[in-house]
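Residue numbers (the numbering used here), protein chains in the order written: chain A, 884 to 1116; chain B, 70 to 478.
Virtual Cβ for every residue (Gly too), placed ideally from N, Cα, C.
Down below is the structure, laid out as structure tokens.
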């Protein structure tokens, strides 16, 4: 599903430049649930941003579902993001004046899905994350866990190939974190490829594979025995 | 862009961000409203000015007889000049196509009497052309006509205030009034924009007056209206030619300034028009200033709006909105709000102007109005600039990488 070869990225800081990614090679197959770990400054967020086409690499190739991602301009990137990717952010990033169901339906609006169908699909995904009863509520009326589940529903609604989660549990307490991870595991069980950036070991243990970054290089890449989040709830 | 779906998206955004919508709408509505009001007041000021200075027809010369100053052709100086009917005929004959109409005006004072009420009024013995020269407006009946002049009828046209003074609410039309020792039938009642004094005159055929005054053929002054087609230069030339022609007829020395006077309204008109155009410039300047203030207002609001939405735009882009769709959304929204608010301001401004009517006459603002074309043009200008003011920050926001926009708090 994802092929990355010899990926480099550096940021200019004043006159000097900071080499953040120093040649990343990774291959992720369909249906995997991968945790990307590392201390801050290890380059894990940069990697996720490049994978999510929110940022571009300087060197190396990136192939997503057989399509080589290159020469990205904003319009093209928007199209690919809409088609291939679903995002889940640490701070949820819901649109605060739209209700839960409108937030979930928004990616479908950009896919030009007709209004009624949009609504139907959005409801379907809200039901999936267990928040059908909250469809008419604004984000400000929801708890953190509920917000993140809405965000996951929104990411799923576009039917992406890959789900990218950047510290999805970073703003949640451990009980709520496990609930969210349980949802992510369930989605993965259905075959969706998911990448999770985290620095919490217990969250990483709930994935199937852990990739450890340090100073812009992958220093460890191992399969783990998945701990089911449902055991903790 | 203009499908039902994107409109629905925009209406949702508008209705859920009431303060923002109100702020941008209010700026535009207020801008247009003030523009309409100020422009209307300016026009009202111009109307007052017109009323003061441009009451009478502007294409006329008034010829007054005077007294000679220089001996000439065997005549001594100090001789009084008088016009008579032959002068008028000669002018008409010699200057045919340059003349629009010509009328004498003999002025007298008479006691006018109806039943037991009487009063002193100015009498003007005239020809039908005089109505145009004075811009006399008939309220009822008719003016002196050519038949009256030919038949020397004892008909009179009286001013509105004469009717009020003498008839005490009765309809004057068809009644007989006493003028001096003779009885005249009222055939018309007029009003005049020139003020109360203008409405206290009575008009009779000049021939009738000549008949009463022992069948004389003398005229007081002669009013010549030139054909407007000859233009300002043509009028000046006509003025000179007419003067020379009349001096020759009455044996006045060509350099004698006091034998005959010509008052040329066209000359005064030029001055008045200059003053009027300065007034127009002031009005335009005030209007432009208001418009610019409005444009600055809407620009600031648009920049604020886009800034406030940076994060939302980042989210939209992260889930697949193209930069183009982001720009279009902001533009469509801003154009919709400014258009709706602009026309609201426009029509409430026009409504206020109309309902003011003549209540501000005391402040020299008479009948304030705004040309619909000007008002709509101003509104469109504001909409266009609102769109441009929205486009620039929207384009910038659309270019920001979503990852940067998402960090914006």
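Item: Who are the neighbours of residue 389 of chain B on chain A, taking C-beta pairs under 8 Å?; Value: 961, 962, 964, 965, 966, 990, 993, 994, 1041
Item: Starting from the Cα of residue 389 of chain B, find the closest Cα among A:887, A:906, A:905, A:993 and give me that residue.; Value: A:993
Item: Residues of chain A with a CB under 7 Å from the CB of residue 384 of chain B: which are they?; Value: 976, 978
Item: With DSSP as the reference, please indicate the residues paired to residue 899 of chain A in a beta bridge.; Value: A:896
Item: Under 7 Å between C-beta atoms, does residue 472 of chain B make it to chain A?; Value: yes
Item: In angstroms, rounded to a whole number, what distance separates the CA positions of residue 431 of chain B and residue 118 of chain B?; Value: 13 Å
Item: Ignore the nearest five residues each way along the sequence and tell me which others in residue 926 of chain A's own chain have a CB closer than 7 Å to its CB.; Value: 903, 904, 1096, 1099
Item: Give the residues from the segment 935-953 of chain A that approach chain B closer than 7 Å (Cβ to any Cβ), ordered along the chain.; Value: 937, 938
Item: Would you please state the rounded distance, in angstroms, between the beta carbons of residue 241 of chain B and residue 258 of chain B? I believe it to be under 8 Å.; Value: 6 Å
Item: For residue 468 of chain B, does the count of other Cβ atoms within 10 angstroms reach 16, so buried, or fall short, so exposed?; Value: exposed
Item: What does residue 77 of chain B touch in chain D if you count any residue whose Cβ is under 8 Å from its own?; Value: Checking the listed chains, one finds no chain D in this structure; the protein chains it contains are A and B.
Item: Beta carbon of residue 360 of chain B, beta carbon of residue 447 of chain B: below 7 Å?; Value: yes
Item: Let me check one thing: in DSSP terms, what residues is residue 920 of chain A bridge-paired to?; Value: A:1095
Item: Count the other CB atoms within 10 Å of the CB of residue 839 of chain A; is the residue buried (16 or more) or exposed (fewer)?; Value: Residue 839 of chain A cannot be examined here, being either before or after the span of chain A that is shown, 884 to 1116.
Item: To the nearest angstrom, report how far apart residue 70 of chain B and residue 398 of chain B are at their CA atoms.; Value: Any reading at residue 70 of chain B is ruled out, since the residue's pLDDT is 49, under 50, leaving its predicted position unreliable.
Item: By the DSSP assignment, the alpha helix (DSSP H) with residue 393 of chain B in it spans what residues?; Value: 392-425
Item: Could you name the residues that DSSP lists as bridge partners for residue 1048 of chain A?; Value: A:971, A:1079
Item: Which of the three DSSP states is assigned to residue 127 of chain B in this structure?; Value: coil
Item: Grouping DSSP H, G and I as helix and E and B as strand, with all else coil, what is residue 905 of chain A?; Value: strand
Item: Which residues share a DSSP beta bridge with residue 133 of chain B?; Value: B:330
Item: Starting from the N-terminal side, write out each stretch of the alpha helix (DSSP H) that is 4 residues or longer and does not extend beyond the segment 216-299 of chain B.; Value: 229-236, 275-281
Item: What does the alpha-carbon distance come out to for the pair residue 1011 of chain A and residue 1043 of chain A?; Value: 16 Å
Item: Could you check if residue 411 of chain B is buried or exposed, using at least 16 other CB atoms within 10 Å of its CB as the buried criterion?; Value: buried
Item: Going along the chain, which unbroken runs of the beta strand (DSSP E) with 3 or more residues stay wholly within the segment 964-1031 of chain A?; Value: 968-971
Item: Tell me whether residue 1049 of chain A is buried or exposed, calling it buried when 16 or more other Cβ atoms sit within 10 Å of its Cβ.; Value: buried
Item: Look at the alpha carbon of residue 265 of chain B and the alpha carbon of residue 177 of chain B, and state the distance between them as a whole number of angstroms.; Value: 18 Å
Item: What is the residue span of the alpha helix (DSSP H) that residue 196 of chain B lies within?; Value: Counting along the chain, residue 196 of chain B falls outside any alpha helix (DSSP H), and DSSP gives it neither H nor E.
Item: Is residue 1104 of chain A helix, strand or coil when you go by DSSP?; Value: strand
Item: Taking 7 Å as the CB-CB limit, is residue 402 of chain B close to chain A?; Value: no
Item: Please confirm whether residue 381 of chain B has its beta-carbon closer than 7 Å to some beta-carbon of chain A.; Value: yes
Item: Less than 7 Å between the C-beta atoms of residue 978 of chain A and residue 1005 of chain A, yes or no?; Value: no
Item: With C-beta atoms as the reference, is residue 108 of chain B less than 7 Å away from residue 439 of chain B?; Value: yes
Item: Looking at chain A, is there any beta carbon in it that lies within less than 7 Å of the beta carbon of residue 87 of chain B?; Value: no
Item: Leaving aside the five residues before and after residue 1071 of chain A along the sequence, list all residues of the same chain whose C-beta is less than 6 Å from its C-beta, in chain order.; Value: 916, 1077
Item: Following the continuous alpha helix (DSSP H) through residue 1061 of chain A, name the residue where it begins and the one where it ends.; Value: 1057-1072
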